[in-house]
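What follows is a single structure, written as structure tokens, with notes after it.
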Amino acid sequence: MIEVRVKKSDSGDIIGFHMSGHAGYAEYGSDIVCAGVSTLAINCINSIEEFTDTKFDLVQNDNDGLLDFTCKEPLDSGAVLLLKSLFKGIQGIQDSYGKQYVTFH
Numbered sequence: 075m076i077e078v079r080v081k082k083s084d085s086g087d088i089i090g091f092h093m094s095g096h097a098g099y100a101e102y103g104s105d106i107v108c109a110g111v112s113t114l115a116i117n118c119i120n121s122i123e124e125f126t127d128t129k130f131d132l133v134q135n136d137n138d139g140l141l142d143f144t145c146k147e148p149l150d151s152g153a154v155l156l157l158k159s160l161f162k163g164i165q166g167i168q169d170s171y172g173k174q175y176v177t178f179h
């Protein structure tokens, strides 16, 4: 299962996410749940890097399905919007395929 956890600052502002695991919906190379969540996450990170001035730290490990993304404050409004869009997309995948494949909190 893919676990996605929203990261927030001490003041409650969204500053990133921690994502780990594999969906297990289908065999490697055919898992559309894993592909969908991964595509949303990588697109969000690439968009924040290209379209905003927000700096961030990124740790990833493909074997563990790990993406740990933390923005350095202050975030500009574009980065916040992109992160909210990512979370909306992941929530949609969870709603469509179930919590046995993606958990989001």
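Using the working numbering, the final residue of the sequence shown is 179, and nothing's skipped along the way. Where a beta carbon is used, it is the ideal one built from N, C-alpha and C, also for glycine.
In the three-state reduction of the DSSP assignment, D87 falls in the coil class, being assigned neither a helical nor a strand state. Taking the Cβ atoms as the reference, V80 lies roughly 15 Å from I167, outside the contact range of under 8 Å. Its chain contains M75, I76, E77, V78, Q168 as the residues whose beta carbon lies nearer than 8 Å to that of T177, once the 5 sequence neighbours on both sides are disregarded; these appear in chain order. Contact check for L141 against A115 passes: the beta carbons are separated by less than 7 Å.
Q165: member of the alpha helix (DSSP H) spanning 151-171, first to last residue.
Each residue's CA atom was taken as its position, placing Q134 and A109 some 16 Å apart. The beta carbon of Q174 is closer than 6 Å to none in its chain, skipping five residues each way along the sequence. Counting only the Cα atoms, F130 lies some 5 Å from T144. Residues I88 of the same chain have their beta carbon placed closer than 6 Å to that of L157, with the five preceding and five following residues left out of the count. Nearest Cα to D127 within the set Y171, S159, F91, L149: L149.
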